[in-house]
Ligand SMILES: Nc1ncnc2c1ncn2[C@@H]1O[C@H](COP(=O)(O)OP(=O)(O)OP(=O)(O)O)[C@@H](O)[C@H]1O
Ligand SMILES: CC(C)(CO)[C@@H](O)C(=O)[O-]
Ligand code: BAL
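Numbering (the numbering used here), first residue to last: 12 to 296.
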């Protein structure tokens, strides 16, 4: 597997593949790869002949007091893992290559609706940064298909919306959340947890499962009260909850009691590590 850090040689390498009528898949990441990322590479392989991964810690999607500086950067180990997973090419640009005009004077993409609540409200500017960099990556790589994880469910909806609204000629595919044995969603940020915090963290997934069960099996429809009681439960375990909400899974607006396709989404801090997770709930037949 080759690593390319500049846009011009990447475009030439991909033009050759495209001439040979190869279907190209893109798997965008921020690196520090784990089994969730590698499962995305495998998914991409099933939908394309040539798989490109990208590793870029995008400053535009981080807020001023967030973890941009301490975000783990492990390029050599990531290259080994990608090679082992059958990735064909890695694009790992510098910030200067992606933003030659600097961070202030860039065109930004603003996605409405699905980007407004949850992480959009908790991290102002975050999805503008995600949408902008993902659109740039799509324009640079011009993939036929791009793969994203459902752990970042709202991000997936933002990207699906952007592709539809801007008529981008590619298909978005997605992967269910890959979890550790105790249920914790794999995430690069898990590495920042202390041993004690790591033992506590699965309570997030346990709460989500209990809430889903209350809705599907016990017929609970008082969503605000259900959220409030689980927020209190998480707080008792020392988590600082950013949000815990039940939404309509497509629009990501607050769920009404007659909505059939729901998403329960949570973001919470354990120490200075912010974890997110979600569960999809289908009601009716
Ligand atoms: N556990 C997981 N299961 C499935 N997909 C995942 C998982 N973790 C990350 N992904 C997906 O991998 C892609 C790249 O994500 P990213 O590099 O930010 O990894 P991450 O582990 O989510 O890190 P972070 O701690 O920043 O959330 C995204 O599409 C994301 O949804
Ligand atoms: C999609 C992405 C690579 C854009 O920077 C990032 O938000 C991520 O890793 O989920
Ligand atoms: N995986 C989501 C990217 C972020 O938290 O910035």
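Just so you know, even glycine gets a beta-carbon here, dropped at the ideal spot from N, CA and C. Given the structure is predicted, the values throughout are model-derived calculations rather than measurements.
Check	Outcome
Any non-hydrogen atom of ligand 3 within 6 Å of residue 17 CB	no
Endpoints, the beta strand (DSSP E) within which residue 288 is located	284-293
Heavy atom of ligand 1 within 6 Å of residue 196 beta-carbon	yes
Length-filtered (3 minimum) beta strand (DSSP E) runs lying within the segment 181-250	182-186
Touch test, the segment 17-24 against the segment 35-55, Cβ-Cβ under 8 Å, three pairs minimum	no
Integer-rounded CB distance, given that residue 192 should sit under 8 Å from residue 201	Not confirmed; about 13 Å, so no contact.
Pair within 7 Å by beta-carbon distance, residue 154 and residue 35	yes
The alpha helix (DSSP H) enclosing residue 47, as first and last residue numbers	46-58
Run of the beta strand (DSSP E) containing residue 38, from where it starts to where it stops	35-40
Nearest residue (CA-CA) to residue 103, options 118, 90, 142 and 73	90
Three-state secondary structure (DSSP) of residue 320	This structure cannot settle anything about residue 320, because the visible part of the chain is limited to 12 through 296.
Candidates 207, 136 and 268: closest to residue 230 by CA position	268
Helix, strand or coil at residue 255 [DSSP, three-state]	strand
DSSP-derived helix/strand/coil call for residue 19	helix
Contact set for residue 17: own chain, Cβ-Cβ below 8 Å, skip 5 residues either direction	104 and 108
DSSP state of residue 100 mapped onto helix, strand, coil	strand
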